[in-house]
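**Q**
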Amino acid sequence: MNQAKIIDGNAVAAEVRATVAARVATLKEAGGPTPGLAVVLVGADPASQVYVRNKNKRAVEVGMNSFEHFLPAETTEQDLLTLVERLNLDHRVHGILVQLPLPKQIDAQKVLESIHPAKDVDGFHPFNVGRLVTGGAALVPCTPLGCLLLLKRELGNLSGKRAIVLGRSNIVGKPMAQLLLRESATVTIAHSRTQDLPGECRRADIVVAAVGRPEMVRGDWIKPGATVIDVGINRVPAAEEGKTRLVGDVAFAEAATVAGAITPVPGGVGPMTIAILLRNAVEACCRLHDLPFEEVL
Ligand code: NDP
Numbered sequence: 001m002n003q004a005k006i007i008d009g010n011a012v013a014a015e016v017r018a019t020v021a022a023r024v025a026t027l028k029e030a031g032g033p034t035p036g037l038a039v040v041l042v043g044a045d046p047a048s049q050v051y052v053r054n055k056n057k058r059a060v061e062v063g064m065n066s067f068e069h070f071l072p073a074e075t076t077e078q079d080l081l082t083l084v085e086r087l088n089l090d091h092r093v094h095g096i097l098v099q100l101p102l103p104k105q106i107d108a109q110k111v112l113e114s115i116h117p118a119k120d121v122d123g124f125h126p127f128n129v130g131r132l133v134t135g136g137a138a139l140v141p142c143t144p145l146g147c148l149l150l151l152k153r154e155l156g157n158l159s160g161k162r163a164i165v166l167g168r169s170n171i172v173g174k175p176m177a178q179l180l181l182r183e184s185a186t187v188t189i190a191h192s193r194t195q196d197l198p199g200e201c202r203r204a205d206i207v208v209a210a211v212g213r214p215e216m217v218r219g220d221w222i223k224p225g226a227t228v229i230d231v232g233i234n235r236v237p238a239a240e241e242g243k244t245r246l247v248g249d250v251a252f253a254e255a256a257t258v259a260g261a262i263t264p265v266p267g268g269v270g271p272m273t274i275a276i277l278l279r280n281a282v283e284a285c286c287r288l289h290d291l292p293f294e295e296v297l
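At position 94 of the sequence shown (counting the first as 1) the number is 94 in the working numbering, and the numbers step up by one without a gap.
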């Protein structure tokens, strides 16, 4: 029976972090800037606290300066905008990330748009979104860029490949589709109103699933030999009473009997996101200082 190659996101992410660490060291040795990443968390959402701590820990590991800002849940929009403005002007800070979701008294879009585009390491600012679509240097959202690097490493040239992106969010689906288009793939974007999703999927050489629906993509949706990137992170009840486990948007065991290569959940796309955030902070630092930036993989 066919058994797909399992794409080891942990290993690739470790490679990205090692390259980032080497770049940071080179910058410092040359007397250049030390890339600095500022992460802002409003409120005490436990999942967000874990993400933010991980981001800071990883930033320090690669030799960056890390600035943590923990604000209370009742922070006003104006207070957050004032902090972002301060970070925009702080020369030690090259990347600013405001952890989402934000409390409901704060307009998240307004805050994201207040981040200077050159420091927008999440790539959510309309300037960077526009650049991604129209061409030119842009900071690109971390998760889709991580998926693209995994795909290019697996397949090399993506030109002419048929790709389907399941999901059209601003964070994953839309930027993913733009990145694939930039690589000259033929891209279909599917969403909750798409008709005959299995049929659309079966035509694709590349499937990127980002729908947030546990194991929605079945084995018989996959074209034999296709490359499957599973972005989904879904917590579902485990066999053992009271326990939970993580699954992706793809029914992994089924799809692995048909696909050429597939990312597991966990251990696929997940670890790439923070590694790419660090990459983006180095890119932002280099561009802000007019230094050349080379891709990390
Ligand atoms: P959103 O909920 O913002 O978007 C989901 C998209 O999937 C929407 O476009 C929606 O369509 C589409 N969709 C939902 N149900 C169906 C369906 N039955 N058939 C077809 N399309 C459907 O999610 P995100 O993009 O933020 O995240 C997607 C998944 O990726 C989640 O599991 C999330 O946890 C995970 N994720 C993982 C990250 C990582 O680091 N690995 C980072 C970010 C997200 P419509 O627009 O029509 O409603």
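Note that CB positions come from ideal geometry on N, CA and C, so glycine has one too.
#1: How about ASP196: is its Cβ closer than 7 Å to a heavy atom in ligand 1?
#2: Looking at the secondary structure, which residues open and close the alpha helix (DSSP H) in which ASN128 lies?
#3: Measure the Cβ-Cβ separation of VAL282 and VAL20 and say whether it is below 8 Å.
#4: Comparing the CB of THR263 with every heavy atom of ligand 1, is any distance shorter than 7 Å?
#5: Do GLY320 and ARG92 have their C-beta atoms closer together than 8 Å?
#6: Helix, strand or coil for ASN157 per DSSP?
#7: How is the beta strand (DSSP E) around ILE189 delimited, first residue to last?
#8: With 16 as the cutoff for other CB atoms within 10 Å, does LEU291 come out buried or exposed?
#9: For the alpha helix (DSSP H) containing ASP79, name the first residue and the last one.
#10: Does at least one heavy atom of ligand 1 sit under 7 Å from the Cβ of THR273?
#11: Would you kindly report the start and end of the unbroken beta strand (DSSP E) that includes ARG162?
#12: Would DSSP call ILE6 helix, strand or coil?
#13: Could you compute how far the alpha carbon of LEU71 sits from the alpha carbon of ALA38?
#14: DSSP state of ALA281, grouped into three classes?
**A** Once the coordinates are examined:
#1: Within the sequence shown, residue 196 is the residue found at index 196, counting from 1. No, the Cβ of ASP196 stays beyond 7 Å of every heavy atom of ligand 1.
#2: Here residue 128 corresponds to residue number 128 of the sequence shown, with the count starting at 1. It spans 126–134 - the alpha helix (DSSP H) in which ASN128 sits, taken as one unbroken run.
#3: Residue 282 sits at position 282 when you count from the first residue of the sequence shown. Residue 20 sits at position 20 when you count from the first residue of the sequence shown. Result yes, Cβ atoms of VAL282 and VAL20 sit closer than 8 Å.
#4: To locate residue 263, count along the sequence shown from 1; it is residue 263. No; taking the cut-off as 7 Å, the Cβ of THR263 has no heavy atom of ligand 1 nearer than that.
#5: What the structure shows of the chain is the stretch from 1 to 297, and residue 320 is not part of that stretch, so it cannot be assessed.
#6: Walking along the sequence shown from the start, residue 157 turns up at place 157. Looking at ASN157 - three-state DSSP - the assignment turns out to be coil, as it is neither helix nor strand.
#7: Numbered from 1 along the sequence shown, position 189 holds the residue referred to as residue 189. Where ILE189 is concerned, the enclosing beta strand (DSSP E) stretches over 186–190.
#8: The residue labelled residue 291 in the question sits at position 291 within the sequence shown. Looking at its Cβ environment, which holds fewer than 16 other Cβ atoms inside 10 Å, LEU291 is exposed.
#9: If you number the sequence shown from 1, residue 79 lands on position 79. That run of the alpha helix (DSSP H) goes 77–89.
#10: Taking the first residue of the sequence shown as 1, we reach residue 273 at position 273. At least one heavy atom of ligand 1 is nearer than 7 Å to the Cβ of THR273, so yes.
#11: Position 162 of the sequence shown, counting from 1, holds the residue named residue 162. From DSSP, the beta strand (DSSP E) with ARG162 extends over 162–166.
#12: Taking the sequence shown and counting its residues from 1, one reaches residue 6 at position 6. The answer is strand: DSSP assigns ILE6 an E or B state.
#13: The residue given as residue 71 occupies position 71 in the sequence shown. The residue given as residue 38 occupies position 38 in the sequence shown. Straight-line Cα distance between these residues: approximately 13 Å.
#14: Within the sequence shown, the letter at position 281 stands for residue 281. Assignment of ALA281 by DSSP, reduced to helix, strand and coil, places it in the helix class.
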